[in-house]
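Each remark here refers to the structure printed beneath this line.
There are 2 protein chains.
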Amino acid sequence: MGTIAEEIGPRLKPGATVTDVGSVKQAVIDAVVPHLPQGVHFIAGHPIAGTEHSGPRSGFATLFVNRWWLLTPTEGADGAAVARLRALCEGMGAKVDEMDAVHHDLVLAVTSHTPHLIAYTMVGVADDLSRVTDSEVINYSAAGFRDFTRIAASDPTMWRDVFLTNKDATLEILGRFTEELFALQRAIRLGDGEHLHAYFTRTRAIRRGIIEAGQDTAAPDFGRVAVASPKGG
Amino acid sequence: MGTIAEEIGPRLKPGATVTDVGSVKQAVIDAVVPHLPQGVHFIAGHPIAGTEHSGPRSGFATLFVNRWWLLTPTEGADGAAVARLRALCEGMGAKVDEMDAVHHDLVLAVTSHTPHLIAYTMVGVADDLSRVTDSEVINYSAAGFRDFTRIAASDPTMWRDVFLTNKDATLEILGRFTEELFALQRAIRLGDGEHLHAYFTRTRAIRRGIIEAGQDTAAPDFGRVAVASPKGG
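From first to last, the protein sequence lines are chains A and B. Position 200 (the first sequence) corresponds to 470 in the numbering used here; numbering is contiguous. Position 187 (the second sequence) corresponds to 457 in the numbering used here; numbering is contiguous.
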């Protein structure tokens, strides 16, 4: 990002607005702003949209429709420039929200970066286990693992850079994650079914919230609401 | 499973074949076999198909089409009974494979059980983080987290029982998982981009294998749907 900013900086007209679509925001602001001339507005942005495929050819017309596009203007950013950028994003069908760059990086560490790291890890573990053949892993991957492999198929270079540039927030969330995982692991070891059941019941609520917030349209719709008793019977 | 077997045992005709669709196999065999009379064949089975929804109403006509259905006959199982059950599964469109129950439980610990536990944990962490609001978690969940929440929406009772009955294999895989996760965490802390890139590149191969093996059709396939099991899985 810094290299590109350095290259385009001298060629930008005064009053121009510059943005980006990177997954981490504070590091991009730090890298870009020093290279832009006075009078050029840099408003960092992050559209939360896409698939595991990268590059211009992986785009499609409805990519941003009904998706969130986060803007992280720095303090004192030009209001008119922010409004122009917002109109551009909304013109592509996106919903726009503004937040502080550091807060953005924490939110995304929770909702995207750490889940990706975990998925990568689980896929690596499966590949390492010599008693289970690759074809067994591949053939008998139920939904859980299959979703992990979809995540783990994402661009390695992009994800390397995400973790290197959002280090603090990722490490904090990873610390919390391993703490909670160890508590569940202990419950399994001790046969503490009540602990497991209570935990699994609690996590259902967030899922319901996501469906209601309409963020799940990219996945195949199951077409109906299943009537399931708590025991699944 | 044991309770049901105890109830139906005395009413079964000699020569009858009994099966189940539970996610763990050795524990089911241990629970069921003692209650079945001589001359009744118990062939445990596990269809790897379903959505995060449970119960008979969550079934649909093509649920098992082109999905694997694993059978874990015990040593000395009646060949004709296994063949009849296989024909039933294949008649519903499934692909059938046979394997040892203990091996089944290890394979599924890798491809399904541990990924589910991890997904539950990550969703719990997100919910706990007071600096990030629920609506931020919900609105800004990119694909990674969204997939996790879908997993974590599965039936709590079924998953409690999976972990309690497949304890050893799950704990083994969890141990390997945390080992590898710590190595990646260390790479992030040290800024070791090469380690991260190499790891992320390797995990892409398994994903390609899954696509080639045809386990990733658009059909909903998540968790498991109970069609005949008293405990929903």
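Note that CB positions come from ideal geometry on N, CA and C, so glycine has one too.
Find the nearest neighbour of A422(B) within the set P343(B), A396(B), V294(B), judged by alpha-carbon distance. A396(B)
How about T419(B) and R477(A): are their beta carbons less than 7 Å apart? yes
Selection from R337(B), R327(B), L341(B), H323(B) that minimises the alpha carbon distance to H249(B): An answer regarding residue 249(B) cannot be provided, because it is not within the stretch 271 to 503 covered by chain B.
Just to check my reading of the structure: I388(B) and M392(A) have Cβ atoms closer than 8 Å, yes? What is that Cβ distance to the nearest angstrom? 6 Å
Taking CB distances under 7 Å as the criterion, tell me whether Q296(B) reaches chain A. no
List, in chain order, every chain A residue whose beta-carbon is nearer than 7 Å to that of T471(B). P426
Answer with yes or no whether the minimum CB distance from I299(B) to chain A is below 7 Å. no
Considering only the beta carbon of each residue, do G461(B) and L441(A) sit closer than 7 Å? no
Terminal residues of the continuous beta strand (DSSP E) containing T342(A)? 338 to 342
What does the Cβ neighbour count give for I274(A), buried or exposed, with the cut at 16 atoms within 10 Å? exposed
Rounded straight-line distance, which links the Cα of D398(B) to that of L444(A): 13 Å
Measure the CB-CB distance between S324(B) and D425(B) and report whether it falls below 7 Å. yes
Report, in whole angstroms, the separation of the C-beta atoms of I313(B) and P343(B), which I expect to be a contact under 8 Å. 5 Å
Which residues of chain A have a Cβ atom closer than 8 Å to the Cβ of M392(B), listed in chain order? T384, P385, I388, F447
Have a look at the DSSP bridge pairing and note the partners of E368(A). L341(A)
Presumed contact (8 Å Cβ cut-off) between G272(B) and A301(B), rounded CB distance: 4 Å
From the DSSP secondary-structure annotation, give me the bridge partner or partners of F312(B). V288(B)
Any chance you could list the alpha helix (DSSP H) runs of at least 4 consecutive residues sitting entirely within the stretch 376 to 427 of chain A, in chain order? 384 to 398, 404 to 409, 413 to 422
Is there a C-beta anywhere in chain B that falls below 7 Å from the one on I278(A)? no
Could you say which of E345(A), R356(A), P304(A) lies nearest to H316(A) if we only look at CA atoms? R356(A)
Look at T381(A) and F415(B) and say whether their C-beta atoms are less than 7 Å apart. yes
With a threshold of 7 Å between beta-carbons, can Q308(A) be considered close to chain B, or not? no
Whose Cβ in chain B lies nearer than 9 Å to the Cβ of G479(A)? D404, S405, V407, I408, T419
When the cut-off is 7 Å and only beta carbons count, does H467(B) lie next to chain A? yes
With a CB to CB cut of under 7 Å and the five nearest residues on each side skipped, what residues in its chain are close to G279(A)? H305, L306, P307
Contact set between L364(B) and chain A, taken where Cβ atoms lie within less than 7 Å: The sequence given here places Ala at residue 364(B); Leu does not occur at that position. In chain order: nothing, as chain A lies at least about 12 Å away.
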